[in-house]
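In the UniProt record's numbering, the protein residues as written are 19 to 253.
For every residue, glycine included, the Cβ atom is placed at its ideal position computed from N, Cα and C.
As structure tokens, the structure follows; a few thoughts come after it.
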Ligand code: C5P
């Protein structure tokens, strides 16, 4: 089945500091969202990209897409996003034409994901997985804590999950469309990724190797790292 990608790009990017919505901030002069779209459209399997824009910024995003060179074999749609990432993804899914049986969901905030990672996720879905996440082992040890009521106060440590069994999960996450749509129709409550919604349906989710360059641009230091990665690629 043909593959479509939904890019939630409606976040404010508060942790990056003041400025434009995160997806519209520039990396080496080009908006992060354009880098993210190019990263997905670099896969010859992806024939449609749907962007969930900041709710009041859909027109601006449309003109950005017109202003930047994008592959001609890929179609693009822009829809207004929502209050939460989850809602933005749902609005993107609602806009998908019927023929797309495989759906990728990719954060605009991960502009540098390599095409090999995108293709590995697609291949795992085509091989029969209903949900696929790119994932990396952790460098840090992780603790579960009782979160403090006041930020900065000491927090009691409740336990230490075995690091070798933990993975940091990235995007694009890949799905059988029907499974993802069912997840978005039935799962409520706060979630931080789409695969966890499919897990809540009781369906199997698999992890494939992620990539360091698929990191999420969240804090100011991440912008420095992203521009350094771009500069290295140009060499
Ligand atoms: O906030 P976080 O870094 O988890 O955001 C991940 C992605 O979700 C970003 O690409 C952001 O633009 C998107 N998002 C969205 N709609 C929201 C909040 C976040 O599309 N309301």
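Bridge partners of residue 188 according to DSSP: none are assigned.
As the crow flies, the alpha-carbon of residue 87 is around 12 Å from that of residue 81. Judged by their CB atoms, residue 246 and residue 45 are not nearer to each other than the 7 Å cut-off. Taken atom to atom, the span from the alpha-carbon of residue 179 to that of residue 25 is near 32 Å. Residue 237 and residue 231 have their C-alpha atoms some 15 Å from each other.
The Cβ neighbour count for residue 204, taken over all protein chains shown within 10 Å, is under 16; the residue is labelled exposed.
When the Cα atoms are used, residue 54 and residue 34 turn out to be separated by approximately 17 Å. Within the region 71-96, the alpha helix (DSSP H) runs of at least 4 residues that lie entirely inside it are, in chain order, 76-85. The DSSP assignment places 175-177 and 191-194 as complete runs of the beta strand (DSSP E) inside the region 174-225, in order along the chain (cut-off: 3 residues).
Excluding sequence positions up to five before and after residue 22, its CB lies within less than 6 Å of the CB of 66, 114, 118 and 121, all in the same chain and listed in chain order. No residue range can be given for residue 19, since it is assigned to no alpha helix (DSSP H) and is classified by DSSP as neither H nor E.
As a beta-bridge residue in DSSP terms, residue 48 pairs with 45.
Boundaries of the beta strand (DSSP E) around residue 120: 120-123. The criterion of a C-beta distance shorter than 7 Å is satisfied by residue 51 and residue 126.
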